[in-house]
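All letters in the sequence shown, in the order written, are residues 1 to 434 by this note's numbering. A virtual CB, placed ideally from N, CA and C, is assigned to each residue, including glycine.
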Amino acid sequence: MEQTLAISVLLLAVFVLLSAGVWIALSLVMVGVIGISFFSSRPVGQLLATTIWGQSSEWALTALPLFIWMGEILFRTRLSDDMFTGIAPWMRRLPGRLLHVNVIGSGIFAAVSGSSTATAVTIGRMTIPELTRRGYDEKVILGSLAGAGTLGIMIPPSIMMIVYGVAADVSIARLFIAGIVPGILLVGLFMLCIMIHAWTRPGAIPPPDPPMTLGEKLYASRRLIPIVLLIVLVIGSIYVGLATATEAAAVGVVGSLILAASTGTLNRKSFTESLLRATETSCMLAFVLAGAAFTTVAMGFTGIPKSLAALVNDWQLSAGMLIFVLTILYVVLGCFLDGVSMIVLTLSVVMPMIHAAKIDPIWFGIYIVLVVEIATITPPVGFNLFVLQGLAKRDILFISQGAIPSFIALVFACWLIWVFPGIATWLPSVMFNN
Numbered sequence: 001m002e003q004t005l006a007i008s009v010l011l012l013a014v015f016v017l018l019s020a021g022v023w024i025a026l027s028l029v030m031v032g033v034i035g036i037s038f039f040s041s042r043p044v045g046q047l048l049a050t051t052i053w054g055q056s057s058e059w060a061l062t063a064l065p066l067f068i069w070m071g072e073i074l075f076r077t078r079l080s081d082d083m084f085t086g087i088a089p090w091m092r093r094l095p096g097r098l099l100h101v102n103v104i105g106s107g108i109f110a111a112v113s114g115s116s117t118a119t120a121v122t123i124g125r126m127t128i129p130e131l132t133r134r135g136y137d138e139k140v141i142l143g144s145l146a147g148a149g150t151l152g153i154m155i156p157p158s159i160m161m162i163v164y165g166v167a168a169d170v171s172i173a174r175l176f177i178a179g180i181v182p183g184i185l186l187v188g189l190f191m192l193c194i195m196i197h198a199w200t201r202p203g204a205i206p207p208p209d210p211p212m213t214l215g216e217k218l219y220a221s222r223r224l225i226p227i228v229l230l231i232v233l234v235i236g237s238i239y240v241g242l243a244t245a246t247e248a249a250a251v252g253v254v255g256s257l258i259l260a261a262s263t264g265t266l267n268r269k270s271f272t273e274s275l276l277r278a279t280e281t282s283c284m285l286a287f288v289l290a291g292a293a294f295t296t297v298a299m300g301f302t303g304i305p306k307s308l309a310a311l312v313n314d315w316q317l318s319a320g321m322l323i324f325v326l327t328i329l330y331v332v333l334g335c336f337l338d339g340v341s342m343i344v345l346t347l348s349v350v351m352p353m354i355h356a357a358k359i360d361p362i363w364f365g366i367y368i369v370l371v372v373e374i375a376t377i378t379p380p381v382g383f384n385l386f387v388l389q390g391l392a393k394r395d396i397l398f399i400s401q402g403a404i405p406s407f408i409a410l411v412f413a414c415w416l417i418w419v420f421p422g423i424a425t426w427l428p429s430v431m432f433n434n
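Given below as C-alpha cells:
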C-alpha cells in the first residue's frame, strides 16, 4: 500500500512540475526531495549534496563536453559541401540516386557529431536546396533526412549513449562499440526505403547526371579523406584499445580543430561560438544528469525500484513482454519529451526491472537509443521534424508524412535486434573478451 502511494504521489509530482514548465533537472531534484521527505527518514540535504557532487565528478562525464564541442566545431565547417561532392558521384547508379546522399552523409557526420539534430541540420542545409533544384520529391527529401538524422545518436560517438552510460552505470566504450553494427544496419534500412520508393515510383526520380570515369569519382572523393581520417582516429582508438572514450574525445577535438583550420573555416568567431554552444549544452546535460542521479538515490530509499523488480518476478513477466511494455511506454513518452528527458526520468525505476529480467544492459542501451530515435521523428515533439521545418519552411505534418518509411524502418530495426540480440552484443563481446 505504501509503495502504491509513493508511486502515485511521485508520478503526480512529475506530471505537475513538467506541465508547469519547470526545468527537467529541477523537476527531478524536487521529485527526489518529495520522495525522501515523505517516504524515508534520511536527511535530504546531505543526500542531495553528496549525490550531486559524486555525479558531477564522474570521470566518464568528461567525454560529454568534448564530443559535443567536436560536433560544434565541425558543424561550422564546410563539411556538408565536401561530403555532397565526395559522395554524390557514387550514388548515381543506385535506385533513388542522390537521395542516398542524405543517408550516407548523415552516417559519416554522425560518426563525429553524436547529435541527431546537428546531423540533420548539417546535411540538410546542403542537400535540401540541391536535391530540390535537381527535381527530387521534397517530401521524400525531408523524410529520408529526418530518418537519417537519427543516426547521430546511434553511430558512436553518441551523446545519448553517454547519457545512458552515466545514468545506468554502464561502460560507455562498450556502448560505442555496440552501436556500430546497428548503425550500419540502419544505414542499410534507410537506403532500402529510398530504393523501394524509386522502384515503386520510377517517374519521381530525375534522370541521372552525365556519367563520370572512375578517376573522376576518386578525385571528387578526395574531399572525404579528412573526415574519414578523423572517424578512424576517434572510433578506431577506442576499438583497438588505445584510448578510453574520454581520451578519444580529446583527440577528436584536436582533430576537428585541425580539420577546420585546414579548410579555412576556423576563426575567432567560429571558435568562440562553438565553445560557448558546447558549454551551454554540456552544462544543461550535466545539470539534468545530476538531478537524475539524485532521483535514482531517492527512488532507492523509497523502495520503489525493488518493489517493481519483485513485481517482474511475481508476475513472471518474460523479457519479451517487459520490453514490449517498455517500448509502448517510451513511444508514448516520446510524443511529449525529448530523448535525454525520457532516459533520465525513467532509468531509476526501469533498470532494476531490466536486471531482474536478466536483460543485458548494453543491449538495452542500444534498444533504448533506437526507441529514442523513433521519438525524434514522432510528432508533436519530434526534434528532427522541427529542425527540418526550420530549414525547409514546411509544416510538421508534411515532413511527418515523408518520414513514415523511416519510422517503419526504425520499428523493424527494434524487432531485428530483439530477435537477433547479437546485432548489438556480438562486437563488444568479441572485442572486450579478447
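Residues near residue i in its chain [Cβ-Cβ closer than 7 Å; skip 5 each side]
i	result
VAL166	GLU58, ALA60, LEU61 and LEU289
SER56	ALA286 and ALA290
ARG201	none
ILE205	GLY96, ARG97 and ALA198
GLY135	PRO206
LEU257	ILE73 and LEU266
Cβ shell of residue i (< 6 Å), same chain only, five flanking positions each side left out
i	result
ILE104	ILE87
THR77	ALA260, THR263 and THR265
GLY71	SER113, GLY114, SER115 and ALA118
THR246	THR62 and ALA63
ILE172	ALA60, ILE162, GLY165 and ALA245
GLY255	LEU230 and LEU233
SER270	ARG76
THR85	ALA220 and ARG223
Terminal residues of the alpha helix (DSSP H) in which residue i lies
i	result
LYS217	214-221
ASN267	First-last for ASN267: undefined, no H or E at that position.
GLN316	Neither: GLN316 is in no alpha helix (DSSP H) and is coded neither H nor E.
PHE420	That residue, PHE420, is in no alpha helix (DSSP H); it is neither H nor E in DSSP.
GLU58	Here GLU58 belongs to no alpha helix (DSSP H), and DSSP marks it neither H nor E.
GLY96	Taken as a continuous stretch (DSSP letters only), GLY96 belongs to no alpha helix (DSSP H), as it is neither H nor E.
LYS358	Premise fails: LYS358 is in no alpha helix (DSSP H) and is neither H nor E.
LEU131	116-133
VAL166	159-168
ILE155	Note, ILE155: premise wrong, no alpha helix (DSSP H); not H, not E.
SER237	225-239
THR200	180-200
ALA88	ALA88 -> no alpha helix (DSSP H), and no H or E assigned at all.
SER40	That residue, SER40, is in no alpha helix (DSSP H); it is neither H nor E in DSSP.
GLY71	63-75
LYS139	138-149
ALA245	245-262
ILE396	396-402
LEU242	First-last for LEU242: undefined, no H or E at that position.
VAL387	383-392
Contact check, residue i vs residue j, beta carbons under 9 Å
i	j	result
LEU345	LEU186	no
LEU388	LEU98	no
ALA110	LEU142	no
ALA298	VAL16	no
PHE301	PHE39	yes
LEU370	PRO211	no
GLY179	ALA424	yes
THR272	GLY35	no
LEU347	ALA392	no
VAL251	LEU233	yes
ASP209	ARG133	no
VAL435	ILE374	No answer is possible for residue 435: the residues shown for the chain start at 1 and end at 434.
LEU48	VAL29	yes
GLY402	GLY334	no
Cβ distance (whole Å) where residue i is taken to contact residue j below 8 Å
i	j	result
ILE362	ARG174	5 Å
MET126	ILE108	About 13 Å separates the two Cβ atoms, so there is no contact after all.
ILE366	SER406	So it is not a contact: roughly 18 Å between Cβ atoms.
VAL340	VAL101	Going by Cβ atoms, the distance from VAL340 to VAL101 rounds to 29 Å, so no, they are not a contact pair.
ILE68	ALA278	5 Å
PHE176	PRO157	6 Å
ASN384	GLY149	5 Å
LEU79	ALA249	With 8 Å as the limit, LEU79 and ALA249 do not qualify as a contact, their Cβ atoms being about 18 Å apart.
MET342	LEU322	That belief does not hold up - the Cβ atoms of MET342 and LEU322 are roughly 17 Å apart, past 8 Å.
LEU27	VAL14	For the record, residue 27 in the displayed sequence is Ser; it is not Leu. At roughly 7 Å, the Cβ-Cβ gap stays under 8 Å, so SER27 and VAL14 are in contact.
Residues near residue i by beta carbon distance below 8 Å, same chain, minus five either side
i	result
PHE75	SER113, ALA118, VAL121, THR122 and SER274
THR350	Here the sequence assigns Val to residue 350, which means Thr is not the residue at that position. Closer than 8 Å at the Cβ level, and outside the excluded window around VAL350, lie LEU326.
PRO89	MET212, GLU216, LYS217, ALA220 and SER221
SER106	THR119, ALA120, ILE123, LEU145, ALA148, GLY149, LEU151 and GLY152
VAL170	TYR164, PRO361, ILE362 and GLY365
Chain E within 9 Å of residue i, Cβ atoms only
i	result
ALA260	Reference to chain E is not applicable here, since this structure consists of a single protein chain.
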